[in-house]
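>
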Amino acid sequence: MERDTFFMGFALIQARAALEQHEFPVGCVIELGGEVVASGSRDHSGGQANEIDHAEINALRYLVANGRVEDLSKVTVYSTMEPCLMCFSTLIVNGVRKIIYGYEDAMGGGTNLPLAELAPLYRKMDLEIRGGVMRSECLELFKTFFTNQQNSYLKDSYLARYTLQQS
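Taking my numbering, the leading residue of the sequence shown gets 437, the next gets one more, and so forth.
1. Return the residue from the list Gly538, Met543 and Arg504 that minimises the CA-CA distance to Phe443.
2. Buried or exposed: which applies to Asn494, given that a residue is buried once 16 or more other Cβ atoms fall within 10 Å of its Cβ?
3. Looking only at C-alpha atoms, which of Thr599, Gln457, Gly476 and Ile449 sits nearest to Glu540?
4. Should Val511 be labelled buried (16 or more other beta-carbon atoms within 10 Å of its own) or exposed?
5. Three or more C-beta pairs closer than 8 Å, one from the stretch 558-571 and one from the stretch 517-529: is that the case here?
6. By a C-beta neighbour count over all protein chains shown, 10 Å radius and 16 as the cutoff for buried, is Ser515 buried or exposed?
7. Any chance you could list the beta strand (DSSP E) runs of at least 3 consecutive residues sitting entirely within the stretch 463-528, in chain order?
8. Let me make sure I understand the geometry here. Which of Val529, Val513 and Met543 has the alpha-carbon closest to that of Ile536?
9. Short of 8 Å in beta carbon distance, which residues of its chain neighbour Gly546, apart from the five on each side in sequence? Order them along the chain.
10. Go through the stretch 534-568 residue by residue and report every complete run of the alpha helix (DSSP H) that reaches 4 residues or more, in order.
11. Please classify Val532 as buried or exposed, where buried requires at least 16 other C-beta atoms within 10 Å of its C-beta.
12. Apart from the five residues just before and just after Leu575, which ones in its own chain have a Cβ nearer than 6 Å to its Cβ?
13. Between which two residues does the alpha helix (DSSP H) holding Phe581 run?
Here is the structure:
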């Protein structure tokens, strides 16, 4: 658990940086052998906001582009929020087998996907998924985001309402 807290701390740094830019505060780091080998957050400062450039996707793109890891089953992904269905699927199809997250995505989280009921590619995947690591620290970032009137992303969504009711 100390290891998870240590690396989630790095994901929180990414998330705080995103929040300072009025981005949704999801931060992600990818760890291998006790070292952060990639990181990412949402960053639309140079272009159009979209639903493709999520923190986990950006971290994975960086990792793959830099050729740092050949076997992604050996990495651990740490994210301040439960990966959405798109991110979760992308991670596991690319070989990631261990995902640790802080705050549950009550609206769009993908980690409860019933892999055993899907097509053969997914049925036998052996994954380790753990949520709630540094949940309160992650939750505070999302509360800060949703209470800031400058942020319109997901405003009045189920996730915003759920988050603002959490303690």
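Idealized CB from N, CA, C, for every residue including glycine.
Reading it off the structure:
1. Gly538
2. buried
3. Thr599
4. buried
5. yes
6. buried
7. 463-468, 471-477 and 512-517
8. Val513
9. Glu518, Pro519, Cys520, Leu521, Met522, Cys523, Phe524 and Ser525
10. 556-559
11. buried
12. Tyr539 and Gln602
13. Arg571 to Thr583
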